[in-house]
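Asks: Numbering-wise, the UniProt record's numbering puts 210 at position 210 of the sequence shown, and it's gapless, one number per residue.
Here you go, one structure.
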Amino acid sequence: NAVRSDLTLLAIRANTPQIDYEEVQHLTNALKHNTTLTKVIISGHCIGVDGAKHFADILRINKTIITLDLICAGINEEGAKHLAFALLDNTTLTTLTLGSNGIHDDGAHHLACVLRNNNTLTTLFLDNAEIGKPGIASLAGAFRNNTTLTTLDLGHNYMQDEGAQYFADALRNNTTLTTLNLGINRIGNLEAQYLAGALQNNTTLTILNLSISHIENLGAQYLALALQNNTRLMTLDLTLNDITDEGVEHFVVALQENRTLTTLKLDWYRIKQNLKVRLKNQIKCNKKT
Numbered sequence: 001n002a003v004r005s006d007l008t009l010l011a012i013r014a015n016t017p018q019i020d021y022e023e024v025q026h027l028t029n030a031l032k033h034n035t036t037l038t039k040v041i042i043s044g045h046c047i048g049v050d051g052a053k054h055f056a057d058i059l060r061i062n063k064t065i066i067t068l069d070l071i072c073a074g075i076n077e078e079g080a081k082h083l084a085f086a087l088l089d090n091t092t093l094t095t096l097t098l099g100s101n102g103i104h105d106d107g108a109h110h111l112a113c114v115l116r117n118n119n120t121l122t123t124l125f126l127d128n129a130e131i132g133k134p135g136i137a138s139l140a141g142a143f144r145n146n147t148t149l150t151t152l153d154l155g156h157n158y159m160q161d162e163g164a165q166y167f168a169d170a171l172r173n174n175t176t177l178t179t180l181n182l183g184i185n186r187i188g189n190l191e192a193q194y195l196a197g198a199l200q201n202n203t204t205l206t207i208l209n210l211s212i213s214h215i216e217n218l219g220a221q222y223l224a225l226a227l228q229n230n231t232r233l234m235t236l237d238l239t240l241n242d243i244t245d246e247g248v249e250h251f252v253v254a255l256q257e258n259r260t261l262t263t264l265k266l267d268w269y270r271i272k273q274n275l276k277v278r279l280k281n282q283i284k285c286n287k288k289t
């Protein structure tokens with residue numbers, strides 16, 4: 001059926017029967033002429049490269065869709081390329097979700113081109129997209145001077161040492177990003193040091209997720225030292241790392257100086273009660289200021 005003109009949200013989720021190629025064609029043809037729909041969510045349906053092509057065609061024509069969610073949609077690097085080319089001319093889409101699609105490094109290269117040229121996109125989800133260091137480097141280089149992106153999710157990719165360094169360098173220059181997810185990226189102490197160096201001077205990032213990584217007490221020390229100078233970060237997620245009481249002590253010291261952090265996520269069950277109380281009291285004080 002054609003998409004009705006009075007709809008503002010179209011959601012086809014994973015718990016509905018799989019849509020086939022013909023249905024994707026009907027849907028995208030209808031969307032080309034829809035003038036009120038603002039959000040399209042096709043989550044968990046394997047639309048593949050051909051489906052991505054059809055949605056790319058929509059992005060070239062439709063002037064109202066601001067959110068496109070294609071999570072877990074069977075889109076590879078070729079599909080990402082078609083979407084990226086379309087976004088070079090699109091001036092309305094603000095949120096693109098391509099998580100759990102194997103776009104790999106080639107797909108990331110094309111999306112990096114979007115970040116260099118598109119002045120509308122504010123939110124980009126690329127979590128679990130099988131992006132390695134070359135793709136991470138491209139994205140970091142692009143968002144270094146990007147002035148519109150505020151949220152970037154690169155969780156569960158293959159960042160590691162060099163990738164973290166690329167992003168740390170980019171964070172030193174970027175002045176718009178407020179939320180960055182780098183969780184599940186094998187980030188260790190060295191990578192934490194790179195990111196901590198960037199945090200010392202960054203004035204825009206408010207949420208940083210480094211959960212499920214390999215950060216130990218030394219990495220915690222680097223991040224805690226950065227917090228003594230950072231006056232913007234409000235949420236730091238370090239759950240499921242290898243931080244013990246020794247690492248937590250550094251945050252206790254840091255929060256005596258820092259007055260902006262209001263959420264610090266740690267594995268509280270591993271922390272001694274007295275440390276836990278001191279740290280939580282300091283965070284409580286920050287919430288009141």
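Here a beta-carbon is modelled for each residue, glycine too, at the ideal position from N, C-alpha and C.
This structure is a prediction, so every number in the text was calculated from the model and none was measured.
Do you know offhand how far Thr235's Cα is from Ile283's?
Replies: Each residue's alpha carbon lies about 11 Å from the other.
Asks: So what does DSSP say about Asn281, is it helix, strand or coil?
Replies: Helix, per DSSP.
Asks: Label Ile61 either buried or exposed according to how many other C-beta atoms from any shown protein chain fall within 10 Å of its C-beta, with 16 as the threshold for buried.
Replies: Exposed is the call here.
Asks: On the three-state DSSP scale, how would you describe Ala11?
Replies: Ala11 falls in the strand class under three-state DSSP.
Asks: Measuring alpha carbon to alpha carbon, tell me which residue in Ile41, Gly107, Asn145, Thr38 is nearest Asn117.
Replies: When only C-alpha atoms are compared, the closest one is Asn145.
Asks: Could I get the ranges of all uninterrupted alpha helix (DSSP H) runs contained in the region 53–79, with 4 residues as the minimum, in chain order?
Replies: For the region 53–79, not a single whole alpha helix (DSSP H) run of length 4 or above is found.
Asks: Identify the residues that DSSP records as bridge partners of Asn209: which are they?
Replies: BP columns for Asn209 point to Asn181, Asp237.
Asks: Where do the N-terminal and C-terminal ends of the beta strand (DSSP E) with Leu96 fall, by residue?
Replies: Where Leu96 is concerned, the enclosing beta strand (DSSP E) stretches over 95–97.
Asks: In terms of DSSP beta bridges, what is Asp50 paired with?
Replies: Its beta-bridge partners do not exist; DSSP assigns none.
Asks: Label Lys287 either buried or exposed according to how many other C-beta atoms from any shown protein chain fall within 10 Å of its C-beta, with 16 as the threshold for buried.
Replies: With fewer than 16 Cβ atoms within 10 Å of its Cβ, Lys287 is classed as exposed.
Asks: Specify whether the region 154–161 and the region 185–200 touch according to this definition: at least 3 beta carbon pairs, one from each stretch, less than 8 Å apart.
Replies: Yes, the region 154–161 touches the region 185–200.
Asks: I'd like to check one pair, Asn181 with Gly155: are the Cβ atoms closer than 8 Å?
Replies: Closer than 8 Å, so yes.
Asks: How is the beta strand (DSSP E) around Thr151 delimited, first residue to last?
Replies: Residues 151–153.
Asks: Put Leu199 into one of helix, strand or coil per three-state DSSP.
Replies: Leu199: helix per DSSP, three-state reduction.
Asks: Tell me the DSSP secondary structure of Thr123 in three-state form.
Replies: DSSP places Thr123 in strand when its eight states are reduced to three.
Asks: Anyone know if the C-beta pair for Leu121 and Leu152 falls short of 8 Å?
Replies: Against a cut-off of 8 Å, the Cβ pair of Leu152 and Leu121 comes out as no contact.
Asks: With a Cβ-Cβ cutoff of 8 Å, do Ala73 and Gly51 count as a contact?
Replies: The answer is yes: Cβ separation under 8 Å.
Asks: At which residues does the beta strand (DSSP E) containing Lys265 begin and terminate?
Replies: Counting along the chain, the beta strand (DSSP E) containing Lys265 begins and ends at 263–265.
Asks: Between which two residues does the alpha helix (DSSP H) harbouring Pro134 extend?
Replies: Run containing Pro134: 133–143, per the alpha helix (DSSP H) assignment.
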